[in-house]
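Engineer:
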RNA sequence: GUGGAAUUAGCUCAGUUGGUUAGAGCGCUAGUUUGUGGCACUAGAGGUCAUGGGUUCGAUUCCCAUAUUCCACCCCA
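Printed below as a string of structure tokens:
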């Protein structure tokens, strides 16, 4: 049997890795500027963590988790998302007693057993943020602002921000009653899923995509009209913050989110370039989650961004995440006798922090030149018996052929001076 | 989980209505007379035609299964 990738996984090859590194670097940078600290949590947790955190009723927990029994008979699950694990860590490490708010960010892989589609993988990457301890709308706005800054810094435009409020335990029951009243005489004509949702969670009927359900859903009462005064105040507070930051958004009452823990604010950044999986980034507030998972009563809010989807969006917007090629020098030898010297020279240069290449294929002079050119190495230096004898050699800038002569003994310093100067000129 | 499409060289794709040694472009390697790359030219390497079974005198081609990819639904990042 030929070896191949398991379904839904991807190799990230060297020709793509710089995009990832750039995205990771910018994300970490922006998070730190907003006062978030990185946290690293395990790839797997006790299954309970997700059952209690994400919610037993969700599709993610019911049918998408990679769950297995380890050799000690424990039920273990590969994380399907980041929030539950971070909350577990928050509680376990007593972070509730740190100065509030506690602001954390992470860069993780996550695993969901799902059918493949563009922008949807079984192992995928998420950048995420969680903030604990603050219940005001300001932190909601700060997190959205963080995302806007990230997109801006990375050069992405045209992602739509949609927000909604899904209420809190105080006002949701009233809304559910209103929904049930509204749908009471209509459920029988709706899809099977909606019939089930009617009893379990009528709120989810709102974002049903079935054609036959849409007409009924269109006129259904909206959560926003049933918010309690606290939730209403929170939402208008968030709107005020966003406006004063000049962040454009749209209220989208159909955003419900599939994870059970959300309360009040939910939001998504949506793109048109990622196929049906248009949500690049989704998040919201979870004021009861920490308590539900056995911790203190501490409010929280966070988001997760699908890195694959983000990179797809960047590519389709023609955004270049490419990093400048590190300044590189190719040492080209002319003869067998020079090769030994060149090899030692490369060792010295590298130890001095100058990235350079030497022939390792036994190539002819001409072939070495071609190789350097193909790799796009910007500088080269020819070393033959003459150079060895005189102790002088020329560094040539490939793009325009400009050369400078240096003493081999002073090479590390001389080379970096020349290469730095000409880098600045460009 | 339901439904549909696809898989031929490292990459992008031709092709065989079932019939000897399977093609192109790009890429890769070497060379175009041993002190300067990009262009051009020449040559070469590289395929169990995704894998396994079946039908057939004969299968890369037809059928079935498996793996992987893509699309729609569901759901989500």
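Residue numbers (the numbering used here): 627 to 1052.
Idealized CB from N, CA, C, for every residue including glycine.
#1: Give a yes or no on whether the C-beta atoms belonging to residue 750 and residue 705 are separated by under 8 angstroms.
#2: Starting from residue 702, trace the beta strand (DSSP E) in both directions and tell me its first and last residue.
#3: Whose C-alpha, out of 862, 1014, 985, 782, is nearest the C-alpha of residue 1006?
#4: Once DSSP output is grouped into helix, strand and coil, what is the label at residue 757?
#5: Specify the secondary structure class of residue 637 as computed by DSSP and reduced to three states.
#6: With distances taken Cα to Cα, identify the nearest neighbour of residue 913 among 703, 757, 656, 659.
#7: For residue 764, tell me which candidate among 863, 888, 1046 has the shortest Cα-Cα distance.
#8: Could you check where the beta strand (DSSP E) with residue 692 kicks off and where it finishes?
#9: Would you identify the three-state DSSP class for residue 899, choosing helix, strand or coil?
#10: To which residues does DSSP link residue 1030 through a beta bridge?
#11: In terms of alpha-carbon separation, which member of 1008, 788, 792, 747 lies closest to residue 878?
#12: Using a Cβ-Cβ cutoff of less than 8 angstroms, which residues in the same chain neighbour residue 689 once the five nearest sequence positions on both sides are dropped?
#13: Residue 592 by DSSP, collapsed to three states: which one?
#14: For the segment 746-813, list the beta strand (DSSP E) runs that are entirely contained and at least 3 residues long, ordered along the chain.
#15: Strictly by DSSP, which residues pair up with residue 829?
#16: Look at the Cβ atom of residue 716, then the Cβ atom of residue 921, and state whether they are nearer than 8 angstroms.
#17: Buried or exposed for residue 657, going by 16 or more other Cβ atoms inside 10 Å?
Structural biologist: On the basis of the coordinates in this document:
#1: Cβ atoms of residue 750 and residue 705: not closer than 8 angstroms.
#2: 701-704 is the span of the beta strand (DSSP E), which, as asked, contains residue 702.
#3: It is 985.
#4: If DSSP states are grouped into helix, strand and coil, residue 757 belongs with the strands.
#5: Three-state DSSP puts residue 637 in coil, outside helix and strand.
#6: Here the closest residue by C-alpha is 757.
#7: Of the candidates 863, 888, 1046, the residue whose Cα lies closest to the Cα of residue 764 is 863.
#8: For residue 692, the enclosing beta strand (DSSP E) begins and ends at 692-695.
#9: Here residue 899 sits in coil by DSSP.
#10: Under DSSP, the beta-bridge partners assigned to residue 1030 are 1021.
#11: Nearest C-alpha to residue 878: 788.
#12: 739, listed in sequence order.
#13: Within the shown structure, residues of the chain are numbered from 627 to 1052, placing residue 592 beyond reach of any answer.
#14: Every unbroken stretch of the beta strand (DSSP E) spanning 3 or more residues and falling wholly within the segment 746-813 is given here in chain order: 749-758, 786-791.
#15: None; residue 829 has no bridge partner.
#16: Cβ atoms of residue 716 and residue 921: closer than 8 angstroms.
#17: Residue 657 is buried by the Cβ-count criterion.
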